[in-house]
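Enquirer: In my numbering, the protein residues as written are 960 to 1311.
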Ligand code: KG4
Ligand code: ZN
């Protein structure tokens, strides 16, 4: 079964073809990230407009890269939530139109769960990707860390899961993005914080870990603690505006703050994952979402887990069409009836 996956939940317009839920034949992305960088975050109106301009060329590129014509495609999978309404609409309307015009089954995919399924890809001929040969076995613990979600989910079966815990406020990726803004670093904050943290001392500042219930998270206090620390470092009070901080902090101060923040944020996640593994004894752990690209996290979990850790190639951690095509394929193979292309609607607040 060959599935075309379409993903337009935020600022990436992505399409990919995946075969039998494991073989990535193509993966194409156009990102409007550069246009948002100067605003320090995604501007929904700009994102939607760029989705509209790029969806057809990106879909076309995905087919050509896979060396497929429409007759080689068995079904279409599309992200219908969670995400920005305007962005989701472009992908869903495109997929519905293709499904009706070409008479291909359509399957609606939950974006957050799609991130988990990036781990199900076993092979690809595309250059520049490292795909793990380690097989996913049940039950598995999914550690989902993105710009909008932070949650631990235990999968008893491929499409059946229990939510163990989630963030009570900011997602971890959002905390990276907000701290980056305080330090005057470009959006998205994750990669820029990590790069700067390499030259910093993670022990220099003691930042707090939130105390929330066992498998829940909270990152908004940590972000505020970074703000207060930066104000204190330049000798100002808490009413000093955050957007003026980066001009007054030295490069060494910024690097030490970035390293201290990254180390506490990652340590918090690692501790919770370790205790969930101890309690539920999954047969493997799957990392998912944009923050799963974080090198410190990947290293710390590899060193500390008693079971196999699967993590997608860093390029497949952030939003992409291959993860949507993969989950779409598994949905069609395992259970769900195809979605009705005439009635499918977007679900911006969809959760797992
Ligand atoms: O999964 P994703 O591409 O989009 C959402 O569905 O939210 O995740 C984007 C998030 C951003 O907050 C970005 O700062 C973060 O992932 N991110 C990272 C890294 N690369 C991306 N965070 C930490 N370390 C990274 N290397
Ligand atoms: Zn995502």
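Backbone N, C-alpha and C fix where the C-beta goes; we use that ideal spot for every residue, glycine too.
1. Return the bridge partner residues of residue 983 from the DSSP annotation.
2. Given a cut-off of 8 Å on the beta-carbon distance, is the pair residue 1051 and residue 1245 in contact?
3. Taking residue 949 as the reference, which of 1065, 1042 and 985 has the closest Cα?
4. Just how far apart, CA to CA, sit residue 1264 and residue 1233?
5. Pick out every residue whose C-beta is nearer than 5 Å to a heavy atom of the ligand ZN: which are they, in chain order?
6. So, helix, strand or coil for residue 1222, using DSSP?
7. Could you give the residue range of the alpha helix (DSSP H) that holds residue 1304?
8. Can you give me the start and stop residues for the alpha helix (DSSP H) that residue 1075 sits inside?
9. Check whether the Cβ atoms of residue 1208 and residue 1228 sit closer than 8 Å, and answer yes or no.
10. Let me check one thing: in DSSP terms, what residues is residue 1116 bridge-paired to?
11. On the DSSP letters alone, give me the boundaries of the alpha helix (DSSP H) that residue 1288 sits inside.
12. What does a CB cutoff of less than 6 Å around residue 1273 pick up in its chain, not counting 5 residues either side in sequence?
13. At a cut of 8 Å, does the segment 1209 to 1227 reach the segment 1144 to 1158 through at least three beta carbon pairs?
14. Just to confirm, are residue 1013 and residue 972 a CB contact at a threshold of 8 Å?
15. So what does residue 1246 bridge to, in DSSP terms?
16. Are the CB atoms of residue 1131 and residue 1185 nearer to each other than 8 Å?
17. Does residue 1018 pass the burial test, meaning 16 or more other C-beta atoms within 10 Å, or should it be called exposed?
18. For residue 1133, count neighbouring Cβ atoms within 10 angstroms of its own Cβ and tell me buried if that reaches 16, exposed if not.
19. Quick check on residue 1069: buried or exposed, where buried means 16 or more other Cβ atoms within 10 Å of its Cβ?
20. So, do the segment 1097 to 1109 and the segment 1165 to 1172 have three or more beta carbon pairs nearer to each other than 8 Å?
21. Compute the minimum distance between the beta carbon of residue 995 and the heavy atoms of the ligand KG4, and state whether it is under 7 Å.
22. With a threshold of 7 Å, establish whether the CB of residue 1116 neighbours any heavy atom of the ligand KG4.
23. What are the boundary residues of the beta strand (DSSP E) that includes residue 964?
24. So what does DSSP say about residue 1239, is it helix, strand or coil?
25. Grab the span of the beta strand (DSSP E) containing residue 1038 for me, first residue to last.
26. Please classify residue 1164: does DSSP put it in a helix, a strand, or coil?
27. So for residue 1195, helix, strand or coil by DSSP?
28. Is residue 1096 helix, strand or coil when you go by DSSP?
29. Would you give the residue range spanned by the alpha helix (DSSP H) that residue 1135 belongs to?
30. Compute the minimum distance between the beta carbon of residue 969 and the heavy atoms of the ligand KG4, and state whether it is under 7 Å.
31. Going by C-alpha to C-alpha distance, which of 960, 1283 and 1203 sits closest to residue 987?
32. Just to confirm, is the Cβ distance from residue 1055 to residue 1300 under 8 Å?
33. From residue 1076 to residue 1311, what distance separates their C-alpha atoms?
34. Measure the CB-CB distance between residue 1047 and residue 967 and report whether it falls below 8 Å.
35. For residue 1067, list the residues DSSP reports as bridge partners.
36. Would you mind stating whether residue 1049 and residue 1010 have Cβ atoms separated by less than 8 Å?
Expert: Looking at the coordinates:
1. DSSP lists 977 and 1083 as partners of residue 983.
2. Their beta carbons are not under 8 Å apart, which means residue 1051 does not touch residue 1245 by this criterion.
3. Since the first residue of the chain shown is 960 and the last is 1311, residue 949 is not available in this structure.
4. For residue 1264 and residue 1233, the distance between alpha carbons rounds to 7 Å.
5. Every residue passing the under-5 Å Cβ criterion appears here: 1105 and 1278.
6. In this structure, DSSP gives residue 1222 a helical state, which the three-state scheme calls helix.
7. DSSP places residue 1304 in no alpha helix (DSSP H); its state is neither H nor E.
8. Membership of residue 1075 in the alpha helix (DSSP H) is indicated by the continuous run 1070 to 1076.
9. Residue 1208 places its beta carbon 8 Å or farther from that of residue 1228.
10. Beta bridge pairing from DSSP links residue 1116 with 1119.
11. Note, residue 1288: alpha helix (DSSP H), 1280 to 1293.
12. Answer for residue 1273: 1252, listed in chain order.
13. Yes, since at least three Cβ pairs between the segment 1209 to 1227 and the segment 1144 to 1158 fall closer than 8 Å, the two stretches touch.
14. Residue 972 sits close to residue 1013, with the two beta carbons spaced by under 8 Å.
15. For residue 1246, which the question treats as bridged, DSSP gives the partners 1102.
16. In this structure, residue 1131 keeps its C-beta atom at 8 Å or more from the C-beta atom of residue 1185.
17. By the 10 Å Cβ count, residue 1018 comes out buried.
18. In this structure residue 1133 is buried. Its beta-carbon is surrounded by 16 or more other beta-carbon atoms within 10 angstroms.
19. A residue is called buried once 16 or more other Cβ atoms fall within 10 Å of its Cβ, and residue 1069 is buried on that count.
20. Contact check between the segment 1097 to 1109 and the segment 1165 to 1172: fewer than three CB pairs, one atom from each, fall below 8 Å, which does not count as touching.
21. No; taking the cut-off as 7 Å, the Cβ of residue 995 has no heavy atom of the ligand KG4 nearer than that.
22. Answer for residue 1116: no, Cβ out of range of the ligand KG4.
23. Per DSSP, residue 964 belongs to the beta strand (DSSP E) from 961 to 966.
24. Helix.
25. Per DSSP, the continuous beta strand (DSSP E) segment holding residue 1038 begins and ends at 1034 to 1040.
26. Judged by DSSP in its simplified three-state form, residue 1164 adopts coil rather than helix or strand.
27. Note: residue 1195 maps to coil in three-state DSSP.
28. Coil at residue 1096, not helix or strand.
29. Note, residue 1135: alpha helix (DSSP H), 1131 to 1141.
30. The closest heavy atom of the ligand KG4 lies less than 7 Å from the beta carbon of residue 969.
31. Of the candidates 960, 1283 and 1203, the one whose C-alpha sits nearest the C-alpha of residue 987 is 1283.
32. Going by C-beta atoms, residue 1055 is nearer than 8 Å to residue 1300.
33. Computed Cα separation, rounded: 14 Å.
34. Yes.
35. DSSP output for residue 1067 lists 1037 as bridge partner(s).
36. Closer than 8 Å, so yes.
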